[in-house]
Amino acid sequence: MPTHETKEKIENSALRAFMVFLSLMLQIGWFIWLGLYLRQYYIVLSTAVMMISWVLALHVYSRHMNSAYKLSWIVLILVLPVLGISMYALFGSQLSHVWIRRYMDKKDDVVALHLSDDDTALDALRARDYGLANQCRYLKNQAGYPLYQNTDVTFHNDTAIALADLKNELTKAEKFIFMEYHAIEDSASWAGVEAILREKAMAGVEVRVLYDDVGSIFFVGKSFTKRLQQYGIQCRVFNPISPLLNTFMNNRDHRKIVVIDGKVGFTGGYNMADRYFNINSPYGYWKDTGIKLIGDAVKSLTAIFLQMWNATQEEKEDQEMYFPDVVYTAKEAGFVQPYADSPLDSETTGENVYLNMIKNAKQYVYITTPYLIIDDEMESELTLAAQRGVDVRIVTPGIPDKKMAFKATRSHYARLVAYGVRIYEYTPGFMHAKQFVCDDEVAAVGTINLDFRSLYLHFENGCWFCHCSAVQDVKADFENLFEQGTEVTTQYSGKRSLTLRLGECIVRLLSPMM
7 MPTHETKEKI ENSALRAFMV FLSLMLQIGW FIWLGLYLRQ YYIVLSTAVM MISWVLALHV
67 YSRHMNSAYK LSWIVLILVL PVLGISMYAL FGSQLSHVWI RRYMDKKDDV VALHLSDDDT
127 ALDALRARDY GLANQCRYLK NQAGYPLYQN TDVTFHNDTA IALADLKNEL TKAEKFIFME
187 YHAIEDSASW AGVEAILREK AMAGVEVRVL YDDVGSIFFV GKSFTKRLQQ YGIQCRVFNP
247 ISPLLNTFMN NRDHRKIVVI DGKVGFTGGY NMADRYFNIN SPYGYWKDTG IKLIGDAVKS
307 LTAIFLQMWN ATQEEKEDQE MYFPDVVYTA KEAGFVQPYA DSPLDSETTG ENVYLNMIKN
367 AKQYVYITTP YLIIDDEMES ELTLAAQRGV DVRIVTPGIP DKKMAFKATR SHYARLVAYG
427 VRIYEYTPGF MHAKQFVCDD EVAAVGTINL DFRSLYLHFE NGCWFCHCSA VQDVKADFEN
487 LFEQGTEVTT QYSGKRSLTL RLGECIVRLL SPMM
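Residue numbering for the sequence shown is 7 to 520, as defined by the working numbering.
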């Protein structure tokens, strides 16, 4: 694609973002002017605002939500009532979920319709390891995602390898290709993929591309969608940003999924943009990972994709063809369970999978995350595991992409270290991988960060797997990370100044809203 065309698209996206920002500022300015105009009624208004703030604070306290999240909102509402009430109405309440839930409820439940209730794999794992089977039962019963065998897992410890493997599998597509990313950049990494998609679409393969508007706003614009459609590629945007204040804007599609013919699937931490493949990374070496699935478990990735795709269309379609009984015999006898998380329900699936893994760890649990902005429950499980003798290690970025988020991440180090958790910072650059591994038995790789946005506000997905060679591959990746990173445990084990501790308290108080 010509360079000037790419530049034009980026400039158009930037202009669109600026116009939305300007519109939001004008709306906020109007509210400020209204507040100034009403100063003559100060006593009446201040009394009313104070009463509303206390009622709202009690409402927040009564909600079934994370305690750290509650505390942040309650403090903001009581200390800065006008700002707090406005912010909560926009971003903290569940008003944003009403219309989208009604709309999505009208759609067929793809998971319930097309994913099997067969517990054969669960029974087989129960006979082998009852504790691991209990974790799988949670995902099946609470989220609806079954456990599979007859699936091979390939772990990609480098995104360049992942991209090459993805392109190779795309060239083999015969029936359909589904792609869903938080961010797609119209650049070098995407160009090779798009060339294959065009070729496949011309050959009669059904190709669908879905991306999040906020995640991609500085990378692609409307012309990108139109171009793909001209080549026979269906392209849709999830939750387009609007100049009007929109409460649902706070909930983004953070998933990364590729499905090919219902037989091959990809997921992991990386988006389809150059920085993720170290073609143009502004934060040192960008470390990310992913997995490829071949076999029965790909059905769950298909269902997860179609759930989100259905939310962008009015018409219903026959989706049975996207769940074929593929002819495949796995090389390994492992267990695989892809799953998804949604902010529209009260089940924090992504966090609970992590908590179950930590709770059941016997020897070690290793974790990578770009942001370590955790609640009391997660902190308690990590410290309790370390106290009972589990080797708990966490790898975070050495070069941050967001300074405030990095400060919030570091604010959690001291308490974790005090109870025996070991902290490493990835010296070569930015750590973007989201992965867990425990006891040489089980691992999880996906899109879910250890921060409030991933755990509570975004649409996410991951994959849990055990008793297969990919678990050892994930562990080997951690061993390399420990060698490349810098252990900062001792730096946070001593006494710290009062000023530093006060600053960390403030950052942690605000971190649920980051």
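Glycine included, C-beta positions come from ideal geometry on N, C-alpha and C.
Only a predicted model underlies this, so the values are computations on that prediction, with no experimental measurement involved.
| Query | Result |
| --- | --- |
| Have a look at E191, G150, D129, A339 and flag the residue whose alpha-carbon is nearest the alpha-carbon of Y282. | E191 |
| Whose C-beta lies closer than 7 Å to the C-beta of L128 among residues of the same chain, with five residues either side of it excluded? | A139, C142, R143, K146, L153 |
| Beta-carbon separation of L64 and I83 under 7 Å? | no |
| Evaluate Q441 with the Cβ neighbour count: other Cβ atoms within 10 Å of its Cβ, from every protein chain shown; 16 or more gives buried, anything less gives exposed. | buried |
| For C142, which three-state DSSP category applies? | helix |
| Suppose contacts are defined by Cβ-Cβ distances below 7 Å. Is F311 in contact with E212 by that definition? | no |
| Could you have a look at D280 and say whether DSSP puts it in helix, strand or coil? | helix |
| Here's a check: name, in chain order, each residue in its chain whose Cβ is nearer than 6 Å to the Cβ of A303, leaving out the five neighbours to either side. | Y154, T157, V342, P344 |
| What is the C-beta distance between F465 and P376, in whole angstroms, given that I count them as a contact (C-beta under 8 Å)? | With a Cβ gap of about 18 Å, F465 and P376 do not count as contacting. |
| Could you give the distance in angstroms between the alpha-carbon of E326 and the alpha-carbon of N257? | 29 Å |
| To test your reading of the DSSP string, which unbroken beta strand (DSSP E) runs of 3 or more residues are found completely within the stretch 169 to 243? | 182 to 187, 212 to 218 |
| Using a Cβ-Cβ cut-off of 8 Å (strictly less than) and excluding sequence neighbours within five positions of H188, which residues of its own chain qualify? | Y217, D218, G221, S222, R258, D259, H260, R261, K262, N277, T453 |
| Report back the beta-carbon spacing between V396 and V371 to the nearest angstrom; my notes put them in contact at under 8 Å. | 6 Å |
| Any chance the stretch 156 to 170 sits against the stretch 282 to 297, with 3 or more Cβ pairs inside 8 Å? | yes |
| Classify K501 as buried or exposed, calling it buried when 16 or more other Cβ atoms lie within 10 Å of its own Cβ. | exposed |
| With 16 as the cutoff for other CB atoms within 10 Å, does N455 come out buried or exposed? | buried |
| Buried or exposed: where does P8 fall if 16 or more other Cβ atoms within 10 Å of its Cβ makes it buried? | Bear in mind that the predicted position of P8 carries a pLDDT of just 40, short of 50, making it unreliable; the figure below should be weighed with that in mind. Flag for P8 reads exposed. |
| Label E321 either buried or exposed according to how many other C-beta atoms from any shown protein chain fall within 10 Å of its C-beta, with 16 as the threshold for buried. | exposed |
| Please name the residue in K293, M57, R214 whose C-alpha comes closest to that of N163. | K293 |
| What does C472 pair with, by DSSP beta-bridge criteria? | F341, V448 |
| Under 7 Å Cβ to Cβ from A391, same chain only, skipping five residues before and after it: list those, please. | I364, A367, V371, V398 |
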